[in-house]
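Taking it in order: structure first as structure tokens, then the write-up.
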Amino acid sequence: EKIKLCLSQFGQVPWQVIHNSLHTEFKISERAIDKIGQFFHLKGEIGVVLHRLKEELGTNKKDPSQPVDEMKAVLSYLSTFQGDGFRSLDISLDLSLLPCDDYFTGTLFQVIQKSDDSSLAVG
Numbered sequence: 097e098k099i100k101l102c103l104s105q106f107g108q109v110p111w112q113v114i115h116n117s118l119h120t121e122f123k124i125s126e127r128a129i130d131k132i133g134q135f136f137h138l139k140g141e142i143g144v145v146l147h148r149l150k151e152e153l154g155t156n157k158k159d160p161s162q163p164v165d166e167m168k169a170v171l172s173y174l175s176t177f178q179g180d181g182f183r184s185l186d187i188s189l190d191l192s193l194l195p196c197d198d199y200f201t202g203t204l205f206q207v208i209q210k211s212d213d214s215s216l217a218v219g
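This note's numbering puts the sequence shown at residues 97 to 219.
Quick look at the structure:
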């Protein structure tokens, strides 16, 4: 729980502060922290990020398809709005969004208005 709270500060404090805290306070190896950092810094055009994520997760023994498939389902749902009076959707994927509580149990998303970076919705 304390590790999740530490990671939820990503974007609010420099990565090096989180890195140092994970290593000194929680005794997590440099290699593991570097891997976590790769995921937290992975952001951009959704198709590219999902492909890279699946590649990275594919090196593990666990099946990587569930989180990637969930994100593809969200994208598919959002793409149905194109053409219904909505302009082209500008969707990017940022893997650093991590809630500091256990309210959310699945894939988490946030809608941000580009003009002022304000959060419109989280789900």
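Backbone N, C-alpha and C define an ideal beta-carbon position, used for all residues, glycine too.
No experiment lies behind these values; they were computed from the predicted model shown.
CA-to-CA distance, residue j to residue i, given in whole angstroms
i                 : j              : result
aspartate 130     : leucine 118    : 11 Å
glycine 143       : glutamate 166  : 13 Å
alanine 169       : lysine 98      : 31 Å
serine 211        : valine 113     : 29 Å
glutamate 126     : threonine 176  : 42 Å
phenylalanine 205 : threonine 120  : 31 Å
isoleucine 132    : leucine 191    : 10 Å
histidine 137     : leucine 101    : 17 Å
leucine 79        : isoleucine 208 : Residue 79 is absent from the model: the chain starts at 97 and stops at 219.
aspartate 186     : glutamine 134  : 23 Å
histidine 115     : glutamate 151  : 24 Å
Opening and closing residue of the alpha helix (DSSP H) in which residue i lies
i             : result
glycine 133   : 126-136
threonine 120 : 111-120
lysine 123    : Lysine 123 -> no alpha helix (DSSP H), and no H or E assigned at all.
Identified DSSP bridge partners for residue i
i          : result
lysine 220 : No answer is possible for residue 220: the residues shown for the chain start at 97 and end at 219.
valine 145 : Per DSSP, none; premise fails for valine 145.
Integer Cβ distance of residue i from residue j, believed to fall under 8 Å
i          : j          : result
lysine 139 : serine 188 : 6 Å
Segment contact, 8 Å Cβ cut-off, at least three pairs: the segment 98-113 with the segment 145-155: Taking 8 Å as the limit for Cβ pairs, the verdict is that the segment 145-155 does not touch the segment 98-113.
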